[in-house]
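What follows is a single structure, written as structure tokens, with notes after it.
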Amino acid sequence: MRPRSTVLLGPDYSGKSSVLERLAERGTWTVVSYDEALLDPVYSLIGRVRDEFLTEALRAPAGRYSSDLFLTLVQIAAVHLRDRVADAPPDRPVIVDSYHYKLLAKCSLLGHDNPSLLSWWRSFPPPDQVVYLDVEPAVAWERSGWGADANPMEHYGEKPTEESFTRFQADLGDVMRKELAGLNVITLGQSDGVEESVELVEKAVRNGAHG
Numbered sequence: 002m003r004p005r006s007t008v009l010l011g012p013d014y015s016g017k018s019s020v021l022e023r024l025a026e027r028g029t030w031t032v033v034s035y036d037e038a039l040l041d042p043v044y045s046l047i048g049r050v051r052d053e054f055l056t057e058a059l060r061a062p063a064g065r066y067s068s069d070l071f072l073t074l075v076q077i078a079a080v081h082l083r084d085r086v087a088d089a090p091p092d093r094p095v096i097v098d099s100y101h102y103k104l105l106a107k108c109s110l111l112g113h114d115n116p117s118l119l120s121w122w123r124s125f126p127p128p129d130q131v132v133y134l135d136v137e138p139a140v141a142w143e144r145s146g147w148g149a150d151a152n153p154m155e156h157y158g159e160k161p162t163e164e165s166f167t168r169f170q171a172d173l174g175d176v177m178r179k180e181l182a183g184l185n186v187i188t189l190g191q192s193d194g195v196e197e198s199v200e201l202v203e204k205a206v207r208n209g210a211h212g
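This is the structure we're talking about:
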């Protein structure tokens, strides 16, 4: 019997990573992510690919790497998440960092589109539910240090401006929600801190399990 799976999703700077770290600390969840703070050391290959992608492929001049190569690198993260969910122990609930939904939406918005690859991602087994942590684009802009911490997959154009960042985040939210059509989605608004967000996420997961 497979464990119940929940995807925790949201725009950039929604507080998702902080919530996942807190849940991982509790030891009662299987947290699946490719983020450095949450990646199991036995999957160091995934971490190396992630780091090379962030430092080299993502910041390379336009045209150096084809969209197909770009998507292939991103796909490593998406497949890793799928595999870890499939192999998760059955005795604990699974919570997944964004699954393929956010990666797919960002690649599409930035013009990296290969229908065959993206259709394959969409064929991955769906989660039992999605908890969507929402945040207003203007708040996300402030949390990014007014663009100082933003990476090239968080805004349009070469450099982040308030307009290019907030427009991208608004579009990102729209595309992700379209990808979630037909799924059980619970949307949570902005909270007053990490601990409140953790409590809201846990409550949403419990309610979803008994809904």
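Residue 2 is where the sequence shown starts when you use my numbering, and the numbers rise one by one after that.
Glycine residues also receive a C-beta, built at the ideal position from the N, C-alpha and C atoms.
In this text, all values refer to a predicted model and were calculated from it rather than measured experimentally.
{"query": "Cβ-heavy atom distance, ASP114 to the ligand MG, below 7 Å", "result": "In terms of ligand content, the structure shown is empty, and the ligand MG therefore cannot be addressed."}
{"query": "Supposed contact pair THR188 and TYR133 - C-beta distance, whole angstroms, cut 8 Å", "result": "5 Å"}
{"query": "Own chain, CB closer than 7 Å to GLY11, minus 5 neighbours either side, in chain order", "result": "LYS17, TYR133, LEU134, ASP135 and VAL136"}
{"query": "Of the listed residues TYR35, ARG93 and SER117, nearest to ASP84 (C-alpha basis)", "result": "TYR35"}
{"query": "Sufficient close CB pairs (3 or more, under 8 Å) joining the stretch 193-204 to the stretch 17-28", "result": "yes"}
{"query": "Reduced DSSP secondary structure (H/G/I, E/B, other) of ASP98", "result": "strand"}
{"query": "Segments assigned alpha helix (DSSP H), at least 4 residues, entirely inside the stretch 114-192", "result": "116-123, 138-144 and 163-180"}
{"query": "C-beta contact flag for MET154 and LEU82 at 8 Å", "result": "no"}
{"query": "Closest by C-alpha distance to ASN152, when choosing among ALA205, PHE169 and VAL140", "result": "PHE169"}
{"query": "Own chain partners of PRO105 with C-beta closer than 7 Å, once the 5 adjacent residues on each side are dropped", "result": "Here the sequence assigns Leu to residue 105, which means Pro is not the residue at that position. If we look at LEU105 and ignore the five residues flanking it on each side, its Cβ neighbours are LEU119, TRP122 and GLU180."}
{"query": "Residue from SER45, PHE71 and VAL33 with nearest C-alpha to GLU57", "result": "PHE71"}
{"query": "Candidates ASP13, SER6 and ARG3, of which the one nearest LYS107 by Cα", "result": "ASP13"}
{"query": "DSSP-derived helix/strand/coil call for SER6", "result": "strand"}
{"query": "Beta-bridge pairing of VAL33 - partner residues as DSSP gives them", "result": "VAL97"}
{"query": "Cβ pair THR29, PRO128 closer than 8 Å", "result": "no"}
{"query": "Cβ pair SER68, ASP114 closer than 8 Å", "result": "yes"}
{"query": "Buried or exposed by the 16-neighbour rule on C-beta atoms within 10 Å, applied to GLN191", "result": "exposed"}
{"query": "Where the alpha helix (DSSP H) through THR73 begins and ends", "result": "68-87"}
{"query": "Residue-chain proximity (LEU173, chain D), Cβ-Cβ < 8 Å", "result": "Protein chain content of the structure displayed is limited to a single chain, and chain D is not contained in it."}
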